[in-house]
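Here's the structure, in structure tokens; my notes come after.
In the working numbering, the protein residues as written are -17 to 97.
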């Protein structure tokens, strides 16, 4: 149920107010992780017949998370996506507290080079 219902999870602050950014981040992490687990299983069963190393799994997971972050940043482009674009503040709130060396980034890191 956790996997199928991950988008239904509702986190609340200590004052019992909804925290949409945590809900969104949780959904992203769970779905990406589950897809990786499924792909690793299929590779082991049908292709290589050997398990991936811990380091390989970690690197693939980090790569998938980075891809999700980049996709979120791209989807904030109002000129390209118009009304379908994600609000920049949604992306900033979703990924806040999860980025490496976040303190050294500008307040609006969605426009920074290197993402």
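For glycine and all other residues, C-beta sits at the position ideal for the given N, C-alpha and C.
Would you list the one or two residues that DSSP bridges to residue 0?
If you number the chain shown from 1, residue 0 lands on position 18. For residue 0, which the question treats as bridged, DSSP gives the partners -6.
Does DSSP put residue 31 in a helix, in a strand, or in coil?
The residue labelled residue 31 in the question sits at position 49 within the chain shown. Of the three classes helix, strand and coil, the one that applies to residue 31 here is coil, per DSSP.
So, helix, strand or coil for residue 51, using DSSP?
On the chain shown, position 69 is the one that residue 51 refers to. Correct three-state label for residue 51: helix.
Between the Cα of residue 80 and those of 4, -15, 67 and -5, spot the shortest distance and give me the residue it belongs to.
Position 98 of the chain shown, counted from the first residue, corresponds to residue 80. Of the listed residues, the one whose Cα sits closest to residue 80 is 4.
Simplified DSSP assignment, three categories, for residue 83
Here residue 83 is taken as the residue at index 101 of the chain shown, counted from 1. If DSSP states are grouped into helix, strand and coil, residue 83 belongs with coil.
Smallest Cα separation from residue 18: which of 62, 6 and 36?
Within the chain shown, residue 18 is the residue found at index 36, counting from 1. Minimum Cα distance to residue 18 is reached at 36.
Close-in-space but distant-in-sequence residues of the same chain around residue -15 (CB under 7 Å, 5 per side omitted):
Position 3 of the chain shown, counted from the start, is the residue given in the question as residue -15. Around residue -15: 12 and 16.
Whole-angstrom distance between residue 69 and residue 62, CA atom to CA atom:
Start at 1 with the first residue of the chain shown, and residue 62 comes out as number 80. Start at 1 with the first residue of the chain shown, and residue 69 comes out as number 87. Those two C-alpha atoms are separated by around 13 Å.
Which residues mark the beginning and the end of the alpha helix (DSSP H) in which residue 59 is found?
Locating residue 59 in the chain shown gives position 77, counting from the first residue. No alpha helix (DSSP H) holds residue 59; DSSP gives it neither H nor E.
Around the Cβ of residue 73, are there at least 16 other Cβ atoms within 10 angstroms (buried) or fewer (exposed)?
For the purposes of this step, residue 73 is identified with residue 91 of the chain shown, where counting begins at 1. The residue in question, residue 73, is buried, as its Cβ has 16 or more Cβ neighbours within 10 Å.
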